[in-house]
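Participant: Taking full-length UniProt numbering, the leading residue of the first sequence gets 1, the next gets one more, and so forth.
Dumping the structure here so I can ask a few things about it.
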Amino acid sequence: MDATFFDRPAATVAAALIGHGLLVDGVGGVIVETEAYDRTDPASHSFAGPTRRNASMFGPPGRAYVYRSYGLHWCLNLVCETGSAVLLRAIEPTMGLETMRARRGLDAQRLLCAGPGRLAQALGIDLSHDGLRLDRAPFAWGAPQGPVTVAATTRIGISRGVEVPWRFLVPGSPYLSRPLPRAKPGAGPAG
DNA sequence: CGCATGATGCACT
DNA sequence: GTGCATCATGCGT
Numbered sequence: 001m002d003a004t005f006f007d008r009p010a011a012t013v014a015a016a017l018i019g020h021g022l023l024v025d026g027v028g029g030v031i032v033e034t035e036a037y038d039r040t041d042p043a044s045h046s047f048a049g050p051t052r053r054n055a056s057m058f059g060p061p062g063r064a065y066v067y068r069s070y071g072l073h074w075c076l077n078l079v080c081e082t083g084s085a086v087l088l089r090a091i092e093p094t095m096g097l098e099t100m101r102a103r104r105g106l107d108a109q110r111l112l113c114a115g116p117g118r119l120a121q122a123l124g125i126d127l128s129h130d131g132l133r134l135d136r137a138p139f140a141w142g143a144p145q146g147p148v149t150v151a152a153t154t155r156i157g158i159s160r161g162v163e164v165p166w167r168f169l170v171p172g173s174p175y176l177s178r179p180l181p182r183a184k185p186g187a188g189p190a191g
């Protein structure tokens, strides 16, 4: 998981990351949901150009971009090509479950890392991680354990760029922030 | 289960 | 002053 992995379009990286393991100080699991944001994307923090907050997005690929969301949550992004990044939205928790439960308070395992804010809280992410290299401690990566099924859908929690299918996920995973949207009636197999 | 709403900080205009 | 790349809770069905 060197810098060349991240030096590609964010959507490419976001899809490729599904199924990889991610640990922060030994705590984490398997990535099951991501979103891509890039320079041409009105929903992206980088859309209006470099600012103090998004400085990491315009730095070298393979670093973390951390920002505060709605005043109370932290969100962890992985910087890709200049001005683009992948938002980590959900992880299947496998390592350091006790630590995650302690950080999040009593919680079902299903909800430990189901959502960008929850994920960041469970992994102990805050502003001190902004700009850190992803190829060294506290970050550690693992290759997918087997074949991975990836679905692409539209993104969540944004008001612009709503139609771009840059949310990537494992369709059947119970650890998603939200399940795969149901297909329109009549548009798919009967059932 | 679904929708509505309050919490709460800061970058940006 | 405004608007969020969110989460937990409360109420109605």
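All C-beta atoms in this analysis are idealised placements derived from N, C-alpha and C, irrespective of residue type, glycine included.
Using a 10 Å radius around the Cβ and a threshold of 16 neighbouring Cβ atoms, would you call Q121 buried or exposed?
Facilitator: buried
Participant: What is the DSSP secondary structure of S69, counted as helix, strand or coil?
Facilitator: strand
Participant: May I have the straight-line CA-CA distance separating L119 from V32, to the nearest angstrom?
Facilitator: 11 Å
Participant: Leaving out the 5 sequence neighbours to the left and right, which residues in its chain are closer than 8 Å to D2 when beta-carbon positions are compared?
Facilitator: G62 and D135
Participant: Give me, in chain order, the residues of the same chain whose beta-carbon lies closer than 8 Å to that of A137; leave out the 5 immediate sequence neighbours on both sides.
Facilitator: D25
Participant: To the nearest angstrom, how far is it from the Cα of G115 to the Cα of A48?
Facilitator: 25 Å
Participant: The beta strand (DSSP E) spanning A55 covers which residue range?
Facilitator: Element bounds for A55: n/a, residue is neither H nor E.
Participant: Have a look at R52, T40, G124 and A15 and flag the residue whose alpha-carbon is nearest the alpha-carbon of P171.
Facilitator: Looking only at R52, T40, G124 and A15, the smallest Cα-Cα distance to P171 is reached by A15.
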